[in-house]
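Residue numbers (the working numbering): 5 to 520. Think of the CB as a built atom: it goes at the ideal place given N, C-alpha and C, for glycine as much as any other residue.
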Ligand SMILES: Cc1cc2nc3c(=O)[nH]c(=O)nc-3n(C[C@H](O)[C@H](O)[C@H](O)COP(=O)(O)O)c2cc1C
Ligand code: SF4
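The structure is reproduced here in structure tokens:
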């Protein structure tokens with residue numbers, strides 16, 4: 005029986021994958037072909053979605069982007085045996101986009117049936133947890149610390165240190181919370197892993213719970229991810245049926261359960277303390293720190309909060325050993341980073357690579373430059389709070405410290421490309437406006453400052469007292485950076501300041517042109 009893979013990934017579904025799967029099933033039945041359709045995750049080559057893959061003795065052959073109207077011709081071309089067709093991209097694993105990567109966190113994404121525990125296990129799944137059970141909780145924390153893994157949610161905080169803080173709290177009720185709010189513009193890695201390899205996140209949570217002494221885990225999921233909600237819930241049920249969740253897991257004496265909660269769409273609810281408020285059923289407002297969530301977290305109990313990617317990387321670290329992961333990367337940025345390439349690019353998608361690759365290589369060689377064919381002008385790295393990086397800084401390696409040294413951030417690994425038609429004063433305004441809309445309102449520099457920032461940029465764009473207003477804007481940015489309670493107000497100035505620093509000419513356009 006031919007095995008055909010058609011992604012259930014949201015990007016693929018948006019491009020017609022569900023209709024395509026139905027059409028392939030119908031055509032196969034009409035032609036008397038016996039096929040099995042697996043709804044897999046995406047391989048991350050989003051410009052090829054929906055990408056149909058067919059298993060052949062030489063490997064999996066891909067066809068994309070495929071439409072319902074291509075189905076008959078695919079069958080005519082013998083695609084079930086890897087036959088030649090205009091949409092054929094060859095053996096998927098041999099595609100340059102795949103060959104240039106080092107897939108560690110995403111090693112199974114797009115490869116396996118996301119809801120098959122047997123396939124997960126056949127691809128090294130649950131080996132990390134088994135090793136954790138063998139070496140014991142304290143050694144697990146030590147291993148995660150030694151791997152050098154840092155939080156992929158944005159702040160890059162060492163994961164092992166966070167886990168040790170919770171592990172060191174007196175025994176009692178503790179929680180594991182996974183931040184799946186994924187609010188940054190141009191990011192989709194959490195979604196992809198939860199759709200394409202949800203059991204890796206479940207395994208990571210199990211290892212964490214075992215290491216810190218927690219028996220309950222929560223996922224806080226972005227409301228705009230309905231497919232994740234379905235797939236992840238099904239994965240929880242499958243893990244239960246197979247004895248990987250629940251009481252006395254595989255005879256270890258360890259109990260663990262996971263519950264999924266869906267947010268209501270506020271960007272600030274990705275901030276860990278307001279996430280906890282929201283999870284407790286309250287309005288998502290930032291809590292002052294200290295106390296840290298590791299000491300006083302969900303329902304007042306010690307809590308580990310980690311991003312999806314941080315948690316989903318742990319099983320591999322436990323399976324292969326800390327050193328294997330620590331050997332990858334550069335400086336204090338160890339391991340790999342799943343970069344998410346978006347905006348005005350020829351090839352957008354998920355590209356996992358060791359830390360240290362220069363930004364320009366990612367944008368020009370991997371992403372193929374702009375889709376418009378025009379010169380690149382700016383790249384925003386790290387979501388809406390990330391700086392705009394000019395082409396002159398394209399040597400900058402993907403490395404937390406190197407980016408920080410240039411007043412920039414890597415954040416969750418989102419890379420959004422703009423060509424030379426972009427108006428950077430407008431983008432600066434957009435950044436401030438985003439902060440004004442999303443501010444939780446708890447502190448003055450962010451709540452009031454962002455609105456005053458929008459007004460000041462409007463005056464600059466309108467040609468009013470330009471130099472004086474630019475000075476005022478810089479002063480305001482300084483106040484927001486150092487006076488805000490959390491990183492929303494504290495980092496909102498980064499895109500504004502970087503636009504002012506690297507693209508000053510856009511703030512000095514003639515009034516009429518700017519007001520267009
Ligand atoms: C305004 C704001 C939004 C955030 N949004 C997210 C998010 O969507 N996902 C995430 O994992 N972390 C987000 N963070 C970072 C979290 O506060 C926290 O650092 C992270 O979840 C910790 O996990 P990690 O150590 O694995 O990165 C956000 C922070 C701020 C200030
Ligand atoms: S910086 Fe903004 S989002 Fe953060 S606590 Fe203050 S008002 Fe709320």
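Residue i bridges to which residues according to DSSP?
{"i": "residue 265", "result": "224"}
{"i": "residue 341", "result": "357"}
{"i": "residue 401", "result": "362"}
{"i": "residue 184", "result": "225"}
{"i": "residue 154", "result": "162"}
{"i": "residue 105", "result": "Per DSSP, none; premise fails for residue 105."}
{"i": "residue 351", "result": "Partner(s): none; residue 351 has no beta bridge."}
{"i": "residue 63", "result": "60"}
{"i": "residue 94", "result": "66"}
{"i": "residue 260", "result": "250"}
{"i": "residue 382", "result": "394, 422"}
{"i": "residue 459", "result": "None, per the DSSP bridge assignment."}
{"i": "residue 40", "result": "7"}
{"i": "residue 608", "result": "This structure cannot speak to residue 608, because the chain is shown only from 5 to 520."}
{"i": "residue 334", "result": "337"}
{"i": "residue 179", "result": "220, 307"}
Could you tell me if the beta carbon of residue i falls within a distance shorter than 6 Å of some heavy atom in ligand 2?
{"i": "residue 282", "result": "no"}
{"i": "residue 272", "result": "yes"}
{"i": "residue 389", "result": "no"}
{"i": "residue 489", "result": "yes"}
{"i": "residue 458", "result": "no"}
{"i": "residue 451", "result": "yes"}
{"i": "residue 446", "result": "yes"}
{"i": "residue 493", "result": "yes"}
{"i": "residue 383", "result": "no"}
{"i": "residue 290", "result": "yes"}
Would residue i pass as a contact of residue j if the rule is Cβ separation under 7 Å?
{"i": "residue 48", "j": "residue 354", "result": "yes"}
{"i": "residue 190", "j": "residue 27", "result": "no"}
{"i": "residue 391", "j": "residue 498", "result": "yes"}
{"i": "residue 331", "j": "residue 378", "result": "no"}
{"i": "residue 229", "j": "residue 263", "result": "no"}
{"i": "residue 453", "j": "residue 476", "result": "no"}
{"i": "residue 402", "j": "residue 368", "result": "no"}
{"i": "residue 415", "j": "residue 187", "result": "no"}
{"i": "residue 205", "j": "residue 312", "result": "yes"}
{"i": "residue 211", "j": "residue 133", "result": "yes"}
{"i": "residue 291", "j": "residue 307", "result": "no"}
{"i": "residue 193", "j": "residue 342", "result": "yes"}
{"i": "residue 386", "j": "residue 413", "result": "yes"}
{"i": "residue 214", "j": "residue 161", "result": "no"}
Considering only heavy atoms of ligand 1, does any lie closer than 6 Å to the CB of residue i?
{"i": "residue 333", "result": "no"}
{"i": "residue 157", "result": "yes"}
{"i": "residue 2", "result": "Residue 2 lies beyond the residue range present for the chain, which begins at 5 and ends at 520; the question has no answer from this structure."}
{"i": "residue 311", "result": "yes"}
{"i": "residue 301", "result": "no"}
{"i": "residue 161", "result": "yes"}
{"i": "residue 469", "result": "no"}
{"i": "residue 275", "result": "yes"}
Any idea what DSSP makes of residue i, helix, strand or coil?
{"i": "residue 498", "result": "helix"}
{"i": "residue 469", "result": "coil"}
{"i": "residue 195", "result": "helix"}
{"i": "residue 209", "result": "helix"}
{"i": "residue 6", "result": "strand"}
{"i": "residue 116", "result": "coil"}
{"i": "residue 271", "result": "helix"}
{"i": "residue 311", "result": "strand"}
{"i": "residue 510", "result": "helix"}
{"i": "residue 516", "result": "Its pLDDT being 46, under 50, residue 516 is placed unreliably in this model, and the coordinates cannot settle the point."}
{"i": "residue 503", "result": "helix"}
{"i": "residue 81", "result": "coil"}
{"i": "residue 346", "result": "strand"}
{"i": "residue 100", "result": "helix"}
{"i": "residue 523", "result": "Past the boundaries of the shown model lies residue 523; the chain is included only from 5 to 520, so the question cannot be answered."}
{"i": "residue 110", "result": "coil"}
May I ask whether a heavy atom of ligand 4 can be found less than 6 Å away from the beta carbon of residue i?
{"i": "residue 314", "result": "With respect to small molecules bound, the structure shown includes ligand 1 and ligand 2 and not ligand 4."}
**Asked** Does the region 40-47 come close enough to the region 73-81 that 3 or more CB-CB pairs lie under 8 Å?
**Response** no
Specify whether the region 134-151 and the region 162-174 touch according to this definition: at least 3 beta carbon pairs, one from each stretch, less than 8 Å apart.
The region 134-151 vs the region 162-174: in contact.
Practice task
Indicate whether the contact test is met: 3 or more Cβ pairs, each with one atom in the region 45-65 and one in the region 109-118, closer than 8 Å.
Solution key: Yes, the region 45-65 is in contact with the region 109-118.
- Task: Tell me, please, whether the region 317-333 touches the region 13-22 by the rule of three or more beta-carbon pairs shorter than 8 Å.
- Result: no
message: Quick check: the region 370-384 against the region 400-409, are at least 3 beta-carbon pairs closer than 8 Å?
response: no
Requested in this report: Tell me, please, whether the region 299-307 touches the region 444-464 by the rule of three or more beta-carbon pairs shorter than 8 Å.
Outcome: no
Q) Just checking, does the region 78-86 make contact with the region 149-164 on the three C-beta pairs under 8 Å criterion? A) no
Cβ pair count under 8 Å reaching 3, the region 425-445 against the region 461-468:
yes
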